[in-house]
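Working notes for the structure below.
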Amino acid sequence: MTEPDPEQELLLPGIELPEMAWPESPVPATLRAALLDRTTALVRSRTRARRLRIAGGWLAAYAAGLATAWVALSRQVPAGQDTPRQAAVAHIATPAAAQPHDTADHERDDEEELTPLELRRRVADAPRPEQLRLLRLAGDGYLYDRADVDSALDCYRQILELTPPERRGAVEPDDSWLLAELRLADHAP
Amino acid sequence: MTGAAAREPDALDWEEHALREAVLAGHETAWRALYERSFDAVYAFVYHRVGRQSHRADDVVQEAWLVAVRRIAAFDPARGNFESWLKGIAENVLKNHRRRWARDARSEPLAASGPADTAPTEEHALEVRELLALVLTGLPGRYQDVLRAKYQEQLSVAEIAARSGGGTPKAVESLLSRARAAFRGAYEKLTGER
């Protein structure tokens, strides 16, 4: 039995649908916009609740720190010795010598003027580490400047394809929220 | 057709997993991306199931999306894509609404308007069209896109691949084959139920 030609195969064998107008449904633009606002507000309230939980955690940690300091201070300290608090203050007052600035930063001011598409065009001719950097810049541009998640996903997907498998799941400090989630999703069990 | 049409399902699951996590972390842009991807397909799915009555479709779609945003944590991309998950929610909402509409109809006096007078051939065409709509809107978006491109716009496999941006003709062929099989399965199921 021969394979049917994919270019000629009917949608329903034995039934021709040549003049069939394909079903269309009206796009209710008002409902679409209103519902997007309403559901986005729910996502926003979830963010607020999450921030409140985080703030609550920090407050609890701060209170625990204060309580620990209070307990430490209330102990009898021998004369001539610093209390834990004084030792901590002295440590803070004498910070390590300032780190010299990294002078190896490349001069890439012109890239800030480029659109994500122009950045992507540079990828093909660039060496591997440079490709990853350019794709990251382009992806971030799509995500933050244009809110174009699909194009950002295209760039980030290429980053993961170019990254060795053992390093794909490692979230880097410069990763956008979307790239970080993609890395985690890629390595999810 | 969206760029997603020629992508492999795995890539979509993986992306939707990332978008779901981002929504749970409170990123509005991620939610907007999921919303924009699925709104039209879910609306069309509901619209044809309520007999093309916009006011009923609006109510059902609205409730389905509100349920979805509240229950997004329950969405598992490994078990199906976001659009299918949402259609499942819409289907359940629709069942509840149908019960209410049936109750309301029993309590109301018989409506004076009957079915519209239409010629038999026209009636048959409408019926087939309705059937096609029900089958098509029940399919995942990427299947709908590729079937429309092939059978409505009459594009060749190569043209569909070129338009999808990055998809190969082989990938489109494979997607088209899966979409056709899904369409036929859904068509047979629906005609068997009627």
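Protein chains in written order, with my numbering: chain A, 14 to 202; chain B, 6 to 199. Just so you know, even glycine gets a beta-carbon here, dropped at the ideal spot from N, CA and C. Just so it is clear, the structure is predicted and the values come from calculations on it, not from any experiment.
Chain-ordered chain A contacts of residue i [CB-CB under 8 angstroms]
i, result
"B:Tyr-192", "Leu-25"
"B:Glu-26", "Glu-194, Leu-197, Ala-198"
"B:Ser-59", "Pro-39, Pro-41"
"B:Leu-152", "Leu-24"
Expected contact under 8 angstroms - CB spacing of residue i and residue j to nearest Å
i, j, result
"B:Val-47", "B:Ala-69", "7 angstroms"
"A:Arg-180", "A:His-200", "Not confirmed; about 10 angstroms, so no contact."
"B:Ala-163", "B:Gly-172", "No, B:Ala-163 and B:Gly-172 are not in contact; Cβ-Cβ is about 11 angstroms, not under 8 angstroms."
"B:Tyr-192", "A:Leu-25", "6 angstroms"
"A:Leu-175", "A:Arg-141", "7 angstroms"
"B:Ser-59", "B:Glu-88", "With a Cβ gap of about 21 angstroms, B:Ser-59 and B:Glu-88 do not count as contacting."
"B:Val-206", "A:Thr-52", "Look at the range of chain B in this structure, 6 to 199, and you will see that residue 206 of chain B is not part of it."
"A:Leu-132", "A:Glu-124", "7 angstroms"
"B:Arg-37", "A:Leu-49", "7 angstroms"
Assigned secondary structure, residue i (DSSP; H/G/I helix, E/B strand, else coil)
i, result
"A:Leu-25", "strand"
"B:Asn-86", "coil"
"A:Leu-192", "helix"
"A:Leu-127", "coil"
"A:Thr-176", "coil"
"A:Pro-108", "At A:Pro-108, the pLDDT of 47 sits below 50, so the modelled position is not reliable; the number obtained from the coordinates is stated separately. Looking at A:Pro-108 - three-state DSSP - the assignment turns out to be coil, as it is neither helix nor strand."
"B:Asp-109", "helix"
"B:His-102", "helix"
"B:Phe-188", "helix"
"A:Asp-199", "helix"
"A:Gly-154", "helix"
"B:Ala-23", "helix"
"B:Gln-58", "coil"
"B:Gln-159", "coil"
"A:Arg-181", "coil"
"A:Leu-44", "helix"
"B:His-32", "coil"
"A:Arg-64", "helix"
"B:Trp-143", "The amino acid at residue 143 of chain B is misidentified as Trp; the sequence shows Gly. Note: B:Gly-143 maps to coil in three-state DSSP."
"A:Arg-149", "helix"
"A:Glu-20", "coil"
"B:Phe-44", "helix"
Cβ-based neighbour list, residue i, same chain, cut-off 8 angstroms, excluding 5 preceding and 5 following
i, result
"A:Arg-159", "Pro-129"
"B:Leu-152", "Leu-141, Leu-144, Leu-181, Ala-184, Arg-185, Phe-188"
"B:Leu-139", "His-53, Arg-54, Leu-195"
Interface residues of chain A facing residue i [CB-CB closer than 7 angstroms]
i, result
"B:Val-74", "Thr-52, Leu-55, Val-56"
"B:Ala-49", "Ser-38"
"B:Phe-87", "Per Cβ cutoff of 7 angstroms: no residues; B:Phe-87 is ~13 angstroms from chain A at best."
"B:Trp-70", "Leu-48, Thr-52"
"B:Asp-109", "The contacting residues do not exist; B:Asp-109 stays about 22 angstroms from chain A at best."
Partners in chain B for residue i, counting only beta-carbon separations shorter than 8 angstroms
i, result
"A:Glu-22", "Arg-185"
"A:Val-162", "Leu-24, Thr-34, Ala-35, Arg-37, Ala-38"
"A:Arg-63", "Ala-30, Gly-31"
Neighbouring residues, chain B, relative to residue i (Cβ below 7 angstroms)
i, result
"A:Thr-60", "Gly-31"
"A:Leu-166", "Glu-20"
"A:Arg-45", "Phe-44"
Cross-chain neighbours of residue i in chain B, by beta carbon under 9 angstroms
i, result
"A:Glu-179", "Chain B residues near A:Glu-179: none, gap ~18 angstroms exceeds 9 angstroms."
Same chain, Cβ closer than 6 angstroms to residue i, neighbours up to 5 away in sequence not counted
i, result
"A:Tyr-169", "Gly-152, Leu-192, Leu-195"
Chain A residues whose Cβ lies nearer than 9 angstroms to that of residue i
i, result
"B:Phe-188", "Leu-24, Leu-25"
"B:Asp-81", "None at all; the shortest Cβ gap to chain A is about 11 angstroms."
Same chain only: Cβ atoms within 7 angstroms of residue i, ignoring 5 sequence neighbours per side
i, result
"A:Tyr-155", "Pro-129, Asp-161, Ser-164, Ala-165, Cys-168"
"A:Gln-21", "none"
Neighbour flag for residue i against chain C, beta carbons, 8 angstroms
i, result
"A:Leu-48", "In the displayed structure, chain C is absent; the protein chains listed are A and B."
With a cut-off of 8 angstroms, do at least 3 Cβ pairs link the stretch 48-67 of chain B to the stretch 83-96 of chain B?
-> The stretch 48-67 of chain B is in contact with the stretch 83-96 of chain B.
Touch check for the stretch 98-106 of chain B and the stretch 132-149 of chain B: three-plus C-beta pairs under 8 angstroms?
-> No, the stretch 98-106 of chain B is not in contact with the stretch 132-149 of chain B.
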